[in-house]
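Just so you know, the protein sequences line up as chains A and B, in that order.
If you're matching positions, the first sequence starts at 9 in this note's numbering and goes up one per residue.
If you're matching positions, the second sequence starts at 9 in this note's numbering and goes up one per residue.
Okay, structure first, notes after.
There are 2 protein chains.
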Amino acid sequence: MPLGRWASVSHPELDEVTVDDVLHALADPTRRAIIRLLEAEGDRACGTFGLPVAASTLSHHFRALRKGGIIRQYDEGRKRMNTLRIAELDTKFPGLVAAVLASA
Amino acid sequence: MPLGRWASVSHPELDEVTVDDVLHALADPTRRAIIRLLEAEGDRACGTFGLPVAASTLSHHFRALRKGGIIRQYDEGRKRMNTLRIAELDTKFPGLVAAVLASA
DNA sequence: GCCTGTTTTCGATATGTATCGAATAGTCCG
DNA sequence: CGGACTATTCGATACATATCGAAAACAGGC
């Protein structure tokens, strides 16, 4: 029944991403930290962020970021990698993510 | 004891407005509708927005918008007027509000 | 096939907030 | 002052979410 926990995660099409989804994704400090790390140092596995939250909590944050069209995930061996989707998002919400990240 | 309910409302200094406050304020459709109306038609009294929510609910939204540094309120007779504070906010978070409003 | 490492799901808790109706309080006018 | 108008606060409800630890699922190596 619990069909594939790891079953390649679903990512929304840009059309399906609402401004509420994006704002919600950006409105959390932990999630912004994730974005900043990805931006500064490139793709990273979920377990390598060194943030002060439990792994299960991080997983929820990744879900929110996926829903907001901000990250995309792909599997590599037993690790799940995260990559930014901002360039793509920017065609729909120009400057939004940049404006938020600029606000240290 | 309940010292002045109407006692001129408090507005945060720009220094005290966090990016979380701003994003939170922007992350609600009703609040964005308020902002758009103010932007399109200028200052307005609280009771003149014609939005489908109770007056008490609107009051909470105004509080969130004040906290996010997005509006300022001033009293005129028995009405409380709302005015945008975006130009000011923009010096601290350049382009943020504009980017959100551009996302219809 | 079994163990190890990685991530997600589940169950539970605590907190935040959007919403309403009713009550309260300020302002103006007669 | 009393009444009408305007807006906020209070109390209650419903729902969302951030958080954790434990359990479950997948990939790789022995």
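Even glycine gets a Cβ: it sits at the ideal position worked out from N, Cα and C.
For B:LEU11, does the count of other Cβ atoms within 10 angstroms reach 16, so buried, or fall short, so exposed? Counted from its first residue, the second sequence places residue 11 of chain B at position 3. For B:LEU11, the pLDDT reaches just 45, beneath the cut-off of 50, and the residue's location in the model is therefore unreliable, although a value from the coordinates is still provided. Result: exposed.
Please state whether DSSP places A:ALA53 in a helix, a strand or coil. On the first sequence, position 45 is the one that residue 53 of chain A refers to. DSSP places A:ALA53 in strand when its eight states are reduced to three.
Chain A contact for B:LEU31 (CB, 7 Å cutoff): Translated into the one-based positions of the second sequence, residue 31 of chain B becomes position 23. Among the residues facing chain A, B:LEU31 is included, as its CB has a counterpart in that chain under 7 Å away.
Just to check my reading of the structure: B:VAL30 and B:GLY103 have Cβ atoms closer than 8 Å, yes? What is that Cβ distance to the nearest angstrom? In the second sequence, counting from the first residue as 1, residue 30 of chain B sits at position 22. In the second sequence, counting from the first residue as 1, residue 103 of chain B sits at position 95. In fact, because the Cβ distance is near 12 Å, the residues do not count as touching under 8 Å.
Taking 7 Å as the threshold (beta carbon to beta carbon), is B:GLY76 in contact with chain A? Taking the second sequence and counting its residues from 1, the one referred to as residue 76 of chain B is at position 68. When Cβ-Cβ separations below 7 Å define contact, B:GLY76 makes no contact with chain A.
Given 8 Å, three or more beta-carbon pairs between the region 46-58 of chain B and the region 86-99 of chain B: yes
Does the region 65-85 of chain B touch the region 30-42 of chain B, meaning 3 or more C-beta pairs lie closer than 8 Å? Between the region 30-42 of chain B and the region 65-85 of chain B, the count of C-beta pairs closer than 8 Å reaches three or more; the two stretches touch.
Cβ atoms of A:HIS19 and A:THR38: under 7 Å apart, would you say? By one-based count along the first sequence, residue 38 of chain A stands at place 30. By one-based count along the first sequence, residue 19 of chain A stands at place 11. Cβ distance not < 7 Å, so A:THR38 and A:HIS19 don't count as in contact.
Residue range of the unbroken beta strand (DSSP E) whose run includes B:ILE79: Within the second sequence, numbered from 1, the residue matching residue 79 of chain B stands at position 71. Residues 79-84.
Could you check the C-alpha separation between B:GLY58 and B:GLU49 for me, to the nearest Å? Taking the first residue of the second sequence as position 1, residue 58 of chain B is located at position 50. Taking the first residue of the second sequence as position 1, residue 49 of chain B is located at position 41. The alpha-carbon atoms of B:GLY58 and B:GLU49 are separated by roughly 13 Å.
Identified DSSP bridge partners for A:LYS87: The residue given as residue 87 of chain A occupies position 79 in the first sequence. Answer by DSSP bridge pairing, in chain order: A:GLU84.
For B:VAL17, which of B:ALA110, B:GLN81, B:ALA107 has the nearest alpha-carbon? Start at 1 with the first residue of the second sequence, and residue 17 of chain B comes out as number 9. When each option's Cα is compared against that of B:VAL17, the closest is B:GLN81.
Using a Cβ-Cβ cutoff of less than 8 Å, which residues in the same chain neighbour A:LEU122 once the five nearest sequence positions on both sides are dropped? Examination of residue 122 of chain A is not possible in this model, given that chain A is present from 9 through 112 alone.
The alpha helix (DSSP H) spanning B:HIS68 covers which residue range? Residue mapping note: residue 68 of chain B aligns to position 60 of the second sequence, counting from 1. Start and end: 63-75.
Could you pull out every residue in the same chain whose Cβ sits closer than 8 Å to the Cβ of B:ASP36, ignoring the five residues on either side in sequence? Mapped onto the second sequence, residue 36 of chain B falls at position 28. Hits under 8 Å: HIS69, ALA72.
Taking 6 Å as the cut-off, is the C-beta of A:ALA48 nearer than that to any heavy atom in the ligand GDP? Looking for the ligand GDP in the displayed structure turns up nothing, as the structure carries no ligands at all.
Residues near A:ALA110 in its chain [Cβ-Cβ closer than 6 Å; skip 5 each side]: By one-based count along the first sequence, residue 110 of chain A stands at place 102. Excluding sequence neighbours, A:ALA110 sits near nothing in its chain.
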